[in-house]
Structures are given as structure tokens and as C-alpha cells.
Amino acid sequence: MTFEERQELRKQAISELDLGHIKKYEKLMRKARESNPGYETPLEKVWGSNNVKVVKRRKIVKRLVEAGYDKKEIIQRCGATDTTIRKDIRILKEIGTIKDKQEIS
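Counting from 1, position 14 in the sequence shown corresponds to residue 95 in the numbering used here; the numbering is continuous, with no gaps.
Next up, the structure:
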């Protein structure tokens, strides 16, 4: 979607807000915002997800990895599956939220 099309959606959303249609306004503004090719929420940039439960778990995983816990201990503390914790660690490394031990030394 081009910039002009997104601007039209924003104008339409403002007119809906003036008419008192808040739900339509929110829907149109979200559509305009998310159709921007470079759009990412702050949670997505840092933690790789918008889901609050996932973000909380990844914060705990980050803290435990930085404290030097191994994967088995992290799995026990988080109460998640092995696959989930491995995926969280991989995603956090890809984003750059945590660094590999090889990169540090």
C-alpha cells in the first residue's frame, strides 16, 4: 500500500471519529499503520512478539541466560517445553537482545 493510500485511510478514519464511530476509526487506523512495510511495534523490535505472555517468558529467559543458567535449568524455571525455550533463545539471539557466548569472548 502506498503512502497516499495510507493517508486516505487516515483521513477516512478521522471522519469516522468525527461521526462518533470509534470502532471503525480504530480499525482503519490499524489497517493504515500495519500496511506500512517497515512497521513493527516496540515489543516486536525488542522481544520478537506482541503476545504479552511470550514477552514475559522471553524477559525471564534473557535474565536467566545472562545469569549463566543452562537450558535445562531455564526450562525448569519457566515451566515451558524444551522446544519453546530453544526457540526463544534463538529468536532473542537473532534480534540481538542477547548475545552468543562466542560473541562475548
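Glycine residues also receive a C-beta, built at the ideal position from the N, C-alpha and C atoms.
Short CB-CB distance (under 9 Å) between residue i and chain B
i	result
Thr178	Here there is only one protein chain, and chain B is not present.
8 Å CB neighbourhood of residue i in its chain, flanking five on each side removed
i	result
Lys152	Asp163, Ile166, Arg167 and Ile170
Leu71	Since the first and last residues shown for the chain are 82 and 186, residue 71 lies out of range.
Ile95	Tyr106
Val127	Ile176 and Thr178
Outcome for residue i when other beta-carbon atoms lying within 10 angstroms are tallied against a minimum of 16
i	result
Ile103	exposed
Arg144	exposed
Val146	buried
Arg139	buried
Ala148	exposed
Leu100	exposed
Sequence-distant residues of its chain with Cβ nearer than 6 Å to residue i (five each side left out)
i	result
Lys105	Glu97
Ile179	Lys143, Val146 and Leu173
Residue i beta carbon near the ligand GTP (any heavy atom closer than 8 Å)
i	result
Lys140	Looking for the ligand GTP in the displayed structure turns up nothing, as the structure carries no ligands at all.
Item to check | Those runs of the alpha helix (DSSP H) which lie wholly inside the segment 148–180 and span at least 4 residues | outcome: Qualifying alpha helix (DSSP H) stretches, in chain order: 152–159 and 163–176.
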